[in-house]
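Numbering (the working numbering), first residue to last: 327 to 424.
Just so it is clear, CB atoms sit at the ideal spot from N, CA and C, and this is done for glycine as well.
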């Protein structure tokens, strides 16, 4: 199980690197290309699934209490990013014009 945990850890790392690349690709591309949506899809679908699998495998592999807490922190930080986006929209922040 520890090897499965490490494999998911590697996949999560690759997904986070891809997330940074997709954010830069979307930011520096013309707005009509709508490439930023790939960043959003990776952040909404791939990362949460990988984080949940990572947490479950952490429990099964018995990686230690402190490491399991850190895996939960990663999931909480991902959720807080969405909360920050919602709060900013409620306070009147608007996306840049196309």
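Shortest Cα-Cα distance from residue 338 to any of 413, 402, 375 involves 375.
Assignment of residue 390 by DSSP, reduced to helix, strand and coil, places it in the coil class. Comparing alpha carbon positions, the residue from 416, 368, 382 closest to residue 346 is 368. In the three-state scheme derived from DSSP, where H, G and I count as helix and E and B as strand, residue 358 is classed as helix.
Taking every protein chain shown into account, the CB of residue 373 has 16 or more other CB atoms within 10 angstroms, so this residue is buried. DSSP, read as helix, strand or coil, puts residue 327 in coil.
Residues 376, 379, 380, 383 of the same chain have their beta carbon placed closer than 7 Å to that of residue 334, with the five preceding and five following residues left out of the count. Put simply, the backbone Cα of residue 357 is about 43 Å away from that of residue 328. Taking C-alpha positions only, residue 413 is separated from residue 401 by approximately 19 Å.
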